[in-house]
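Numbering (the UniProt record's numbering), first residue to last: 1 to 389.
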C-alpha cells in the first residue's frame, strides 16, 4: 500500500521524473486487509490494486527484493544487481514475529502475505482444528474466519487479557467474551511450549489438537536489510523519520509500517502498523518530493484502524497512551458502544464498536483538539459532536 500510493501520488503532484517501484513478492501489488477475510475464506482470489502502472509511467519490478543500501553512491542493492536512485522511498512494511522452534513445520502458518492466505485457505475449508497463538487483532480476525468456516478454534494468549498491547484492561475485558459467543475457546495466561505435527503443547503440559497453528504475536519493521547503511533505526527497529517522513540520510524517505514519526499532536514518536497510515503517509512523502520541503506538508495524522471480528465492526481513532480519563458511551455488554479517552478534557482517542457515527465525528473532534462536556459525551443518545464545549 505505502509504496504504490507514493508512486501514484508523485504523478498526481506533477512529478515527471522516472518512478520505479520494486516489490519483493512476485504478485502485482495488493491490499492486505482482505487477506484475513474474503481471501482467507475463498470469497475472493486476491485483492490487487486497480492501478494502471504503465499509463502512469511507473516501472513496476516484481520479485526484486532490496538487500542493502549504499547511500554514498545512491545505490540500492538487490539480488539482481544495484539500482541507482536520486530519491529513495523505503516502504518495506513489517514482518510477522515468528514462534520460536516452529521452523519447517508445515502446519504452522503466518498471515501477512497473499501466499500465506492461499496456503491457509484449504486448511479452513477442510475444517481442521485451528489453534491461533495470540489474541490480538490478527488472532481475533483469524478466529472469526475459522469459526465461519466451521473449524473448532482455540486461541491461546500468553498475557492475562486479549489485546494486551493495544487496549487497557478495563476495555479488553469487555471484548474477551466475544470469543466464547462465537464458539471459540479462549485461553489466557497460556504459553506455548512446543508445536508438534497435529498438536500444540502448552507450558503446563496441556495438549491442544491442531490441524493448523496460526501465529499472530505481532510484527516488526522489515528493516534488517538496512544494517550498516547509516540509516538511523529506533529501538523498535523502525526507521527514525522526521516530521516530513525523511530518514536520517539525504534523499531518503520512509513511510508505512517500517517508519516511526514525531507527533506534535501527541507529544511522542509514533509507530503505526495500520492500513490508514500506509494510505495517508505517501501523500506527505510525494508532496515533499515534488514540491520541495519548503512547501511540502508535515505529517501528523490522527491514527485510524478498523477490525471486523465476531460479527462486530470495531474502529479506533487517535492514541490513548497519554490520556488521563476514560468515558464509556453505551453499555459495553451490548452490540454497540464506544469508549472516549480524554487528556485535559480534550478528546484524544476513541474506540467504537458498532457505532460508526461516533467514530466519524470523534475523529474530526480529535483533529480539532476539541474539549468535551463529560456528561453529554457519556450519554450515548447525544451525538458526540453535540458534546463539544
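Ideal Cβ placement from N, Cα and C applies to all residues, glycine included.
Taking 8 Å as the upper bound for CB-CB distance, residue 219 and residue 94 are in contact here, some 4 Å apart. The C-alpha of residue 251 lies about 39 Å from the C-alpha of residue 141. Looking at 296, 65 and 275, the one whose alpha-carbon comes closest to that of residue 307 is 275.
Restricting attention to alpha helix (DSSP H) runs no shorter than 4 residues, the UniProt domain "Reductase C-terminal" (304-387) encloses them at 356-368 and 374-377, ordered along the chain. Under DSSP, residue 77 takes part in a beta bridge, and its partners are 68. Assignment of residue 255 by DSSP, reduced to helix, strand and coil, places it in the coil class.
By the CB criterion at 8 Å, residue 228 and residue 121 fall outside the cutoff.
As a beta-bridge residue in DSSP terms, residue 30 pairs with 48. Membership of residue 187 in the beta strand (DSSP E) is indicated by the continuous run 185-188.
For residue 5, the three-state secondary structure derived from DSSP is helix. If you draw a straight line from the Cα of residue 237 to the Cα of residue 270, it comes to about 13 Å. When the beta-carbon positions are compared, residue 313 and residue 356 come within less than 8 Å of each other. For the stretch 210-242, not one full-length alpha helix (DSSP H) segment reaches 4 residues or more. Per DSSP, reduced to three states, the secondary structure at residue 159 is coil, with no helix or strand assignment. Taking a C-beta distance under 8 Å as the contact criterion, residue 280 and residue 301 qualify as a contact pair.
The Cβ neighbour count for residue 335, taken over all protein chains shown within 10 Å, is under 16; the residue is labelled exposed. Note that the C-beta distance between residue 151 and residue 115 is not below 8 Å. Taking C-beta separations shorter than 6 Å and ignoring five residues to either side along the sequence, the partners of residue 56 in its chain run 11, following chain order. Between the beta-carbon of residue 146 and that of residue 39 there is about 14 Å, and that puts the pair past the 8 Å contact cut. About 16 Å separates the beta carbons of residue 249 and residue 91, which is beyond the 8 Å limit, so they are not a contact pair. A check of alpha carbon separations from residue 291 across 2, 9 and 4 identifies 9 as the nearest. Sorting 211, 257, 234 and 360 by C-alpha distance to the C-alpha of residue 222 places 257 at the top.
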